[in-house]
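The numbers in the sequence shown follow my numbering, run straight up by one, and end at 1595.
Ideal placement from N, C-alpha and C gives every residue a C-beta, glycine not left out.
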Amino acid sequence: MLHKTKGIALKTTNYSESSLVVHIFTEAFGMQSYLINGAKKQKAKISANLFQPLHTLDLIVYYKENNTLQRIKEARQTPVLKHIPINITKSSLSLFINEILYKTLKEQSPDPFLFSFIEQSILWLDESTCALANFHLVFLTKLSRYLGFLPLRQSEGSKAYFDLLNGIFTNNLPAHKHTLQEPHTSLLNQLLESDFENAALIKMAKEDRKHLLEKLLEFYKLHTENFKQVNSLYILEELFR
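Take a look at the structure:
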């Protein structure tokens, strides 16, 4: 049966000399893998170029519930990303975000709120004229809410530690190594209260930004099954050093 759905391209894998398997997070069906026959041919009906990382798509797809490989009848990019493909900062951030999403959404079932958040984040990044040094940090904190492990904000006063294992702020040093301490505890709290538009107002040194990113990724590893090394991390460290 044919269905219309939005999708966000995350990864392509070679299937044969001319074909691809494309991994797409769809609004209607969650994470899906699609076989695109002849996608690498010059006159392909559905071109491999459509499935660049984080391209937002309108799709008409065939769907069978128990199939591991589905098929696409029609695909078009909408809206067309204007700045992410040509802006080095935005393209570097998109590669990082893309890798995070692929690692965390592998078994993701349909979630329209999660899909909308990711879609709007991509479009904001593409169109934004704001400084972007903290974009990925805010994205990680916001994404954790939809994945089910959003850090609990401080309800009263300022607490000295953040327990990464239990996802809570505390005044007591946890009895394990998965801990964030000041000044990074306060910076994390600012990130939790921030949105993309005002993220640039959070002032931090490059060393603090690097440490926070590493700790946020540690937080993801603790709360996401099979979350392995993030290969694009070095790109951001070079970009915002």
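Item	Value
Buried or exposed (CB count within 10 angstroms, at least 16 for buried), Leu-1356	exposed
Delimiting residues of the beta strand (DSSP E) encompassing Asn-1368	1356–1368
Residue range of the unbroken alpha helix (DSSP H) whose run includes Asp-1480	1466–1481
Residues that Gln-1386 bridges to, as DSSP identifies them	Ile-1378
Beta-carbon contacts of Gly-1384 that lie in its chain and below 6 Å, excluding the five residues immediately before and after	Gln-1462, Ser-1463 and Pro-1464
Secondary structure of Ile-1426, DSSP reduced to three states	strand
Chain-order list of residues whose beta-carbon lies under 6 Å from that of Leu-1468 (same chain, five-residue window excluded)	Tyr-1500
Option nearest Gln-1535 by Cα separation, candidates Lys-1569, Gly-1502 and Glu-1381	Lys-1569
Reference Asn-1503; option with closest CA among Glu-1579, Gln-1406 and Lys-1444	At residue 1503 the sequence reads Phe, which differs from the Asn that was named. With distances taken between Cα atoms, Phe-1503 lies closest to Glu-1579.
Classification of Arg-1563 by the beta-carbon crowding that lies within 10 angstroms, buried from 16 upward	buried
The alpha helix (DSSP H) enclosing Thr-1458, as first and last residue numbers	1442–1458
Pair within 8 Å by beta-carbon distance, Ile-1390 and Ile-1400	yes
The region 1536–1547 in contact with the region 1420–1431 per 3-pair CB rule at 8 Å	no
Sheet register partners of Thr-1432 (DSSP bridge)	Looking at the DSSP assignment, Thr-1432 forms no beta bridge with any residue, so it has no partner.
Length of the line joining the Cα atoms of Ser-1370 and Tyr-1416	21 Å
Option nearest Leu-1555 by Cα separation, candidates Ala-1487, Ile-1451 and Leu-1571	Ala-1487
Three CB pairs or more closer than 8 Å across the region 1505–1524 and the region 1571–1586	yes
Local Cβ density within 10 Å of Lys-1444, reported as buried at 16 or more and exposed below that	buried
Beta-carbon contacts of Ile-1440 that lie in its chain and below 6 Å, excluding the five residues immediately before and after	none
Whole-angstrom distance between Glu-1453 and Ile-1426, CA atom to CA atom	23 Å
Cβ shell of Ser-1373 (< 8 Å), same chain only, five flanking positions each side left out	Leu-1389, Ile-1390, Asn-1391, Gly-1392, Ala-1393 and Lys-1394
Helix, strand or coil at Asp-1549 according to DSSP, with G and I counted as helix	coil
Gln-1406 versus Asn-1526: straight-line alpha-carbon distance, rounded	46 Å
Closest by C-alpha distance to His-1538, when choosing among His-1530, Lys-1557, Asn-1520 and Tyr-1456	Lys-1557
Per-residue DSSP class, three states only, for Tyr-1500	helix
Val-1584 - partner residues in DSSP beta bridges	The partner list for Val-1584 (beta bridge, DSSP) is empty, contrary to what the question assumes.
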